[in-house]
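Numbering (the working numbering), first residue to last: -6 to 335. Idealized CB from N, CA, C, for every residue including glycine. It should be emphasised that the depicted structure is a prediction, and the values quoted were computed from it without experimental measurement.
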Amino acid sequence: MDEKIRINKPICLEHSSLKYPLPEKLLFELSEELHNMNKYPSGGDYLELSTKLADYAGVAPGNILPANGSDEVIESTTRAFGNKLILIPTPTFSQYEASADRNGFSKKLVNCLQGYDYKLNYNDDDLKEASLVWICNPNNPTGESISREIIKNILDRSAGIVIVDECNYEYLGETVADLIDKYHNLVISRSFSKNFGLAGFRLGFTIASPKNIIKIARYCQQFRVNRMAEIAGIKVLKYLNYYKEIWQEVARVRKQFIAALHQINIMAFPSKSNFVLVDFITRENTKSVWQYLRKEGVYTFAAWEDEFSGLENHYIRFTIGTRQEMDYTLMLLNQYQKNNPI
Ligand SMILES: Cc1ncc(COP(=O)(O)O)c(C=O)c1O
-6 MDEKIRINKP
4 ICLEHSSLKY
14 PLPEKLLFEL
24 SEELHNMNKY
34 PSGGDYLELS
44 TKLADYAGVA
54 PGNILPANGS
64 DEVIESTTRA
74 FGNKLILIPT
84 PTFSQYEASA
94 DRNGFSKKLV
104 NCLQGYDYKL
114 NYNDDDLKEA
124 SLVWICNPNN
134 PTGESISREI
144 IKNILDRSAG
154 IVIVDECNYE
164 YLGETVADLI
174 DKYHNLVISR
184 SFSKNFGLAG
194 FRLGFTIASP
204 KNIIKIARYC
214 QQFRVNRMAE
224 IAGIKVLKYL
234 NYYKEIWQEV
244 ARVRKQFIAA
254 LHQINIMAFP
264 SKSNFVLVDF
274 ITRENTKSVW
284 QYLRKEGVYT
294 FAAWEDEFSG
304 LENHYIRFTI
314 GTRQEMDYTL
324 MLLNQYQKNN
334 PI
C-alpha cells in the first residue's frame, strides 16, 4: 500500500454531507451564541432567517419556509399535498417513498433509468391523476441533472403539485426558483446539509408561493428550526466565498475520480453532484467490493441500503471526500480490480 496516501482514520463516503471543515470564524461566532440557548428561536416566523434565505434564493421572504432539514420539507409537503397519488421517479432518494408510506398515501414508482441515462418519463395519465410529483435535481443517487425544459414541461402537464428537490443545487448551479411566481404548482426543497456542512444542525427550507407556504406550514411545528440552526443559517451565507472554493474543488476531484475509474474499466455515472454512482455489474461483485473497502476503512453506501428507492443491487454510491481520501479510495479500487477484475 502506498504510504504517501495511507489514511489512519475511517473515511466516511456514505451520507453526502460536506467532507470539509466549517469556517473557523463561523464556529467562533456560533460558540459566542451558546449563552443565548436559554431562549427560544425567533418565534415561528423566523423573519431574519427567511429574509436571508430569500435573498440567497432570489425570491421574496413570503416564498420561504425554514425547516428542520429538507427531510422536514419532504414530510410536510407530502402531508399537505400527497393524499391522492404520489409519483416518484426511481432510482432516487428513499425519503419520498418513506414519507408516502408513513402517511398511508398511494404512490407510484416510475423507473427512469435507461442504461446509464436517467430521463424523467412520466406519462400524461399519471401526471393528471397525481396530487404530488417528485423531481430530484440533480438526482440522488445517479447525480444526473434534469433540464429546465423538462421540469417546465412536467409543471405544464401536472394537475397537482410538482416538488423539485434542489438539495444539491450548489453543485449543479441550476435552479427553477425563478419560476415560482409563474407556476403556482411548483414547490422547491433546499438543504444546508450537503453544501454548507450544516447536516448536524438540521436546516433546510421550502420555496413556494405564499399560498402553498401556508398549506405546508400547517404540518410543521412552530419552533421546528432550533435556535442554533437559525443563527447558523443567518451567519453562514457570509462565508459563501469559502464554500464556493470547496464546491469547485469537489467538482475537480469528482471529475478525476470518474475518469480514473473509467481508465480501469469501472463504469461511473456522469455526476453533477457531490457523489458518484458506480456500477459493479453483479450483486456478488458489489458486495465483495463494498466489504473490501469497509475492511480497509472506506465506508460507502451500497444499493441495498435505506438511502435509495428502486436502485438495482449492483451499485455503490461514493460521496466525494477530500482529494487525499479519494486518492486512497482509488488506490484500493485499483488494487481490487487488479486482483479480481470486474
Ligand atoms: C436528495 C435528497 N434530498 C433530501 C435529503 C435530506 O437532506 P437534509 O439533511 O436537508 O434533511 C437528502 C439527504 O441525503 C437527499 O439526498
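Does ligand 3 have even one heavy atom less than 7 Å from the beta-carbon of F86? Ligands present in the displayed structure are limited to ligand 1, and ligand 3 is not among them.
Using only alpha-carbon positions, find the residue among N1, S35, C5, L19 that is nearest to R220. Minimum Cα distance to R220 is reached at S35.
Is there contact here, the region 2 to 10 with the region 197 to 205, by at least three beta-carbon pairs under 8 Å? Contact between the region 2 to 10 and the region 197 to 205 is absent, because fewer than three Cβ pairs lie under 8 Å.
Could you work out which residue in N116, H307, L286, Y308 is closest to T322 when comparing CA atoms only? For the options N116, H307, L286, Y308, the alpha carbon positioned closest to that of T322 is the one of L286.
N- and C-terminal bounds of the beta strand (DSSP E) containing Y308: Counting along the chain, the beta strand (DSSP E) containing Y308 begins and ends at 308 to 312.
Quick one: residues in its chain with C-beta nearer than 7 Å to the C-beta of W283, no 5 flanking neighbours on either side, listed in chain order? For W283, where only same-chain residues beyond five positions count, the Cβ hits under 7 Å are T293, A295, I309.
Tell me K100's beta-bridge partners as DSSP assigns them. Answer by DSSP bridge pairing, in chain order: I79.
Since I259 and I335 should fall inside the 8 Å C-beta cutoff, what is the C-beta to C-beta distance between them, to a whole number of angstroms? With a beta-carbon spacing of about 6 Å, I259 and I335 fall inside the 8 Å limit used to define contacts.
Compute the distance between the beta-carbons of M319 and V271, then report whether it is under 8 Å. No. Outside cutoff.
Which same chain residues, not among the five before or five after K208, have their C-beta less than 6 Å away from its C-beta? Cβ-Cβ distances below 6 Å link K208 to A73 in the same chain, with the five nearest sequence neighbours on each side left out; the list follows chain order.
Just to confirm, is the Cβ distance from L125 to K265 under 8 Å? No, these two residues do not count as a Cβ contact at 8 Å.
Cβ contact check for the region 101 to 121 and the region 60 to 69: 3 or more pairs under 8 Å: In short, these stretches do not touch, since the Cβ pair count stays below three.
Start and end residues, alpha helix (DSSP H) containing R95: Unbroken alpha helix (DSSP H) run through R95: 88 to 95.
Quick check: the Cα distance between L148 and Q328, rounded to an integer number of angstroms? L148 and Q328 have their alpha carbons spaced roughly 47 Å apart.
How far does the beta strand (DSSP E) with V336 in it extend, from its first residue to its last? No information on residue 336 is available, as it lies outside the stretch -6 to 335 that the chain covers here.
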